[in-house]
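Colleague:
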Amino acid sequence: MKTKALALYRRIKASYWFVPGVIVLGAILLAFGSLQLDVILEEEFFMQISWFGSSSPEGARTILSMVGGSMISVAGIVFSITIAAIVFASGQYGPHIIPEFMRDKSNQAVLGIFIATFVYCLLALYRVHAGETTFVPHLTVIIALFFAGASLITFIYFIHHILETLHVSNVIARLGNDLLRDIRNRFPQELGEGNGGSDSPDMPEGFLQDAVPVLANGTGYIYTLSAEEIFNVARDKGLIVRVTRRPGDFVTDDRPLAWIWPPENASTEALSAVRACYAWGAAKTQDQDIGFLIDQMTGITARALSPGINDPYTATDTIHWMGAALSAAGRGSSPAAVRRDKDGHIRVIARPLNFEEIASLIFDRIRPYVAPDRNASLSTLSVLANVLFDVDDPARKAVVLHHAQALEKAAMTAMVSEDDRREIAARVDDLEAVLRNGLSRFRAGEKYKWMEGRA
């Protein structure tokens with residue numbers, strides 16, 4: 001239940017109406033508060049500042065009507081511009097990029113400010129009346145004028161922000177920074193205490209034969225798996241939970257999410273408790289799914305290198321950011337798959353996303369699009385060279401070299417120019433020599449100028 005509530009909270013927070021709704025609620029409270037102050041304060045108090053507001057009901061109505069009417073009109077313009085920007089981004093960068101624009105808090109805040117100003121003026125208009133009980137909310141009118149000025153500044157900011165947001169370099173940088181952040185906060189690191197690096201523990205006898213599956217009761221993409229909850233369930237009910245599905249995976253009815261052991265503890269309550277640690281829906285999200293961010297960036301790469309666009313420089317930007325993320329993963333230590341409680345008992349066996357998988361998600365997906373293009377291929381090899389120097393583990397270095405060799409093999413058949421093929425082959429030979437001879441970044445850069453961006 002906690003996982004479902006957390007998933008609902010994240011969906012509400014990421015929705016387009018949450019921030020505008022909060023701002024409008026604030027405007028409603030402010031309207032009631034200012035109207036109450038107008039009632040409490042004496043009429044004479046406002047006569048000193050009547051030049052800034054209006055001393056007659058007709059004047060107050062005119063001001064509030066003008067401000068409120070113009071604000072709702074501008075709110076419609078803002079909404080239309082936002083939709084047009086989303087449509088443009090979807091066509092230019094791919095449909096998976098839409099959530100990135102939907103989550104833009106600045107656009108949400110701008111829309112919220114205009115709607116809030118309209119609602120504020122509407123509530124104030126209701127209280128203005130003439131006759132025997134004439135009431136002019138002077139303070140409320142003054143605040144409405146301040147809102148109008150703030151809205152004008154906000155609209156100017158919005159135009160600047162939307163143009164800046166659509167710039168391809170900024171789109172890629174936002175995705176790249178999100179990917180870097182998520183790489184540094186990988187989900188499996190939160191599953192209890194690590195086991196000191198051993199990911200292949202001696203499983204209890206009969207685990208493979210007797211483990212009970214936790215079956216999904218719906219269909220969709222997993223977007224949340226509560227690390228804390230699943231560990232607590234395993235500990236409290238004396239279970240070992242082997243996680244087989246993680247955020248980003250697609251599940252269907254009656255397919256295993258996890259396996260639990262021993263079978264005598266696998267009660268209906270235990271199965272339901274483990275299942276409740278998952279939440280899934282119709283679409284992927286980036287909350288716990290690093291692969292979704294990589295999907296977005298590789299999608300931009302593929303579109304940039306398509307024959308209709310043929311923009312290797314945009315592709316190069318995405319490759320640089322993905323290379324930086326891979327370097328961050330390579331410098332860190334992979335989280336242990338096995339998590340134990342304080343007594344040393346195995347409780348959870350997770351599916352951590354390791355360095356090799358991240359490298360595969362990036363380079364295996366972009367290789368078909370990069371291989372025919374000389375500029376993109378050279379940039380990819382330069383990124384792989386940087387990653388090679390950033391990692392210390394020989395096994396990870398071998399993974400990097402493997403992707404360089406795979407790119408060379410693909411380029412040999414995809415590239416038309418013999419000169420381009422020779423250039424790619426020569427640079428892969430250089431990488432092999434660096435790894436074989438154990439050259440440092442400095443010595444390799446002196447010997448092979450292209451590794452330092454000088455050739």
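Residue numbering for the sequence shown follows full-length UniProt numbering, starting at 1 and increasing by one per position.
Glycine included, each C-beta is placed from N, C-alpha and C at the ideal position.
1) Buried or exposed: D430, going by 16 or more other Cβ atoms within 10 Å of its Cβ?
2) Is it buried or exposed for Y223, if we count other Cβ within 10 angstroms and need 16 for buried?
3) Buried or exposed for V128, going by 16 or more other Cβ atoms inside 10 Å?
4) Would DSSP call G281 helix, strand or coil?
5) Once the 5 residues before and after R171 are set aside, which same chain residues still bring their CB inside 8 Å of it?
6) Might you give, ordered along the chain, the residues of its own chain that have their beta carbon closer than 7 Å to the beta carbon of I115, omitting 5 neighbours on each side?
7) Would you list the one or two residues that DSSP bridges to A258?
8) Tell me, please, which residues DSSP counts as bridged to F250.
9) So what's G196 in DSSP terms, helix, strand or just coil?
10) To the nearest angstrom, how far is the alpha carbon of L123 from that of V141?
11) Apply the 10 Å Cβ neighbour rule to P204 and answer buried if 16 or more other Cβ atoms are within range, or exposed otherwise.
12) Which of the three DSSP states is assigned to I346 in this structure?
13) Using three-state DSSP, classify V274 as helix, strand or coil.
14) Between which two residues does the beta strand (DSSP E) harbouring R339 extend?
15) H402 by DSSP, collapsed to three states: which one?
16) Based on DSSP bridge pairs, tell me the residues matched to F146.
17) Take the Cβ of M412 as the centre, count every other Cβ of all protein chains shown within 10 Å, and call the residue buried at 16 or more, exposed below.
18) A282: which of S306, P307 and V251 sits nearest, CA to CA?
19) Roughly how many whole angstroms lie between the Cα atoms of E452 and V383?
20) For K105, report the span of its alpha helix (DSSP H) as first-last.
21) Leaving aside the five residues before and after R11 along the sequence, list all residues of the same chain whose C-beta is less than 7 Å from its C-beta, in chain order.
22) Between the Cα of A315 and the Cα atoms of A329, Q296 and I290, which residue gives the shortest distance?
23) By the DSSP assignment, the alpha helix (DSSP H) with P20 in it spans what residues?
24) From A270 to N185, what distance separates their C-alpha atoms?
25) Closest to L225 by C-alpha separation, out of R374, L401, P352 and P307, would be which residue?
Modeller: So, from the listed chains and residues:
1) buried
2) buried
3) buried
4) strand
5) Just to set this straight, residue 171 is Val in the shown sequence, not Arg. Counting only Cβ-Cβ distances below 8 Å, and skipping sequence neighbours, we find A89, Y93, I97, E100, T165 and I300.
6) P20, V24 and A75
7) V214 and V243
8) Y221
9) Residue placement at G196 is poorly supported in this model, since its pLDDT is 44, which falls under 50; the coordinates still yield a value, given next. Residue state, collapsed to three classes: coil.
10) 11 Å
11) exposed
12) strand
13) helix
14) V338 to R340
15) helix
16) Per DSSP, none; premise fails for F146.
17) exposed
18) V251
19) 11 Å
20) K105 to R127
21) none
22) Q296
23) F18 to I40
24) 29 Å
25) P352
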